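Residue numbers (the UniProt record's numbering): 1 to 342. Everything below concerns the one structure shown next.
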């Protein structure tokens, strides 16, 4: 019978409960036996591993130097082949700089640093004792790395770590033009004719009909021998003709258009993408990259998207032969708003 009539457990019940308690208990298996590495027992293997780590850090240094060679040594000549070659060496340089440090530290830890496992009981935090314990742990880590005893690794690591961040500094600095080379000045000047992109044919006011749009460059651009691509990137313009009654010029800009013909910078003020889409029914200019939208009837005010500044307007008029010409350069810098201006 499983139970007595008075409800007290039988001896079989007691045995079952005792067995259940034994199942709940488990033994701490402890740490597995420590396996020594070759570098732990063979001084030659340890020295070889040290040289391998140093070589990896050296590769990082070479990668950083390769980056700077490509960045400053390869001069762009406005050909795709040169641009591709520079980008290739820039990428290889950064890759070797980062990979050398990463693989070197991993190999150092796996081959030379102590690999024994330690376990300890958790305890309550104690401010001063914990601080001293933390300092002791840091001292132990420094000692275990062997960085004091291995000057070859220490010196190559310092060199690699010192040089590795420099490419990032150069890249971030290149996001904006250097002082004296800002986007405030372009090829546009008083009397500069507006010409079709890319052939450079001058445009007459009579060529521009309502609803049409022209991609425009300065007439003198194609005469440049050097720096043509950079100058074009700053000076490109979109030319459109609207009904003059649709325009709402602000004070001081009443004569910046000619019979409803307006010209605005083609460079989006968000991140510099080309504004290339014109909706003639709504008179909106659209940047296809991030969908910033500008209203031509409101001096290219931003009506949608991430751009925060209207497109700069180029003041235009006509010369004695009826060709469209600029009255002056842009009155504000072209390009993204985050670039420095001066």
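All C-beta atoms, glycine included, are put in the ideal place defined by N, C-alpha and C. All of these numbers come straight from a predicted model, not from anything done at the bench.
Item                                                                                                                                      : Value
Supposed contact pair residue 93 and residue 67 - C-beta distance, whole angstroms, cut 8 angstroms                                       : 3 angstroms
Status (buried if at least 16 other CB within 10 Å, exposed otherwise) for residue 316                                                    : buried
Closest residue to residue 31 among 325, 115 and 141 (Cα-Cα distance)                                                                     : 115
Residue 271 and residue 285 closer than 7 angstroms at C-beta                                                                             : no
Span of the beta strand (DSSP E) around residue 295                                                                                       : 293 to 295
Nearest to residue 224 (by Cα), restricted to the options 77, 50, 60 and 62                                                               : 77
Nearest candidate by alpha-carbon position, reference residue 243, set 27, 155, 257 and 73                                                : 257
Residue 264 vs residue 311 beta-carbon contact at 7 angstroms                                                                             : yes
Cα-Cα separation, residue 205 to residue 217                                                                                              : 15 angstroms
Nearest to residue 193 (by Cα), restricted to the options 219, 43, 152 and 313                                                            : 219
Separation of residue 336 from residue 209, as counted between CA atoms                                                                   : 30 angstroms
Chain-order list of residues whose beta-carbon lies under 6 angstroms from that of residue 181 (same chain, five-residue window excluded) : Note that residue 181 scores 49 on pLDDT, short of 50, meaning its location in the model is unreliable and no value can be drawn from it.
Rounded C-alpha distance that separates residue 161 from residue 57                                                                       : 9 angstroms
Short Cβ contact (7 angstroms threshold) for residue 163 with residue 61                                                                  : yes
Sub-7 angstroms separation of residue 290 and residue 306 beta-carbons                                                                    : yes
Classification of residue 269 by the beta-carbon crowding that lies within 10 angstroms, buried from 16 upward                            : buried
Bridge-paired residues (DSSP) for residue 81                                                                                              : Bridge partners of residue 81: none, in fact.
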